[in-house]
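Numbering (the working numbering), first residue to last: 14 to 218. Positions of the beta carbon are idealized from the N, C-alpha and C atoms, including for glycine.
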C-alpha cells in the first residue's frame, strides 16, 4: 500500500515518477488516497501503509522514527523534472493594467525571503505561529525551504519542468497535445527581470 493525498495531486504524480525510475509498474501496487502530508506521515508510522510521498519537515521526522528514505526527488542524480508545485499566476490582462502592483507584490516576497534568511529566530517564530509547527519541525522547514531552496523564488520555471506538466495534462486533456510553454504563454519574465536589473535584490543580500 502506498499513500497519496488524492488522485490527480502532485503526490500521485511524484509517486508515479518514482515508480517509473525504480522500475515498478503502478498496477502492481495499491495506491490509496489518505490525505495531507501529516496524515500520510501518521499512516506510515502507524504501519497502515507501506510507503508514501513526504516533504520536510515530515520526511525528516519519519526517518528519525525509523523509516527509510527510498528516493530523494530533489537529488539531481535521479534526473527528475523540476516543475512548480506552488507558483504565483495572474491573467496577462491583469499584469498589463496593474504592473506596478504586481511588481511591488514580487518585491515584497523577495524582501520577506531575505529578511527570514538574515533572521532565523524571527522566521522560526513566524513558522511556528502560522503553520503551528513545534521547534524542531519549524527548524527543519526553515533549513529546507528557506536556507536551501529559498532563492528559487528568484528563478523562473525550467522549460523541462513546464514541458513535463504539459505532457501530464495531455494524458487526460487532448487540447494540451502538441502545446509548448511558448504557445501557451506560460511564463512572463519581464517583471522579475526588471527587479533584478534594478539592483533591488543585491541591496537586500
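DSSP bridge partner residues for residue i (one or two, in chain order)
i	result
residue 64	15
CB of residue i within 9 Å of CB of residue j, strictly
i	j	result
residue 157	residue 70	yes
residue 105	residue 34	no
residue 74	residue 15	no
residue 31	residue 82	no
residue 47	residue 18	yes
residue 3	residue 54	The requested residue 3 is not part of the displayed model; the chain covers only 14 to 218.
residue 204	residue 167	no
Selected residue, minimal CA-CA separation from residue i, among the options
i	options	result
residue 169	194, 25, 81 and 92	194
residue 140	151, 130 and 131	151
residue 78	58, 64 and 68	58
residue 50	41, 72, 29 and 60	72
residue 208	109, 200 and 117	117
Coarse secondary structure for residue i, derived from DSSP in three states
i	result
residue 46	strand
residue 74	helix
residue 83	coil
residue 199	coil
residue 147	coil
residue 115	helix
residue 93	coil
residue 27	helix
residue 185	coil
Open item on the list: So, does the stretch 159-177 touch the stretch 90-104, judging by three or more C-beta pairs under 8 Å?
Closed with: Touching, per the Cβ criterion.
TODO: Say whether the stretch 159-168 touches the stretch 127-146, bearing in mind that this needs 3 or more beta-carbon pairs closer than 8 Å, one atom from each stretch.
DONE: Enough Cβ pairs lie closer than 8 Å, so yes.
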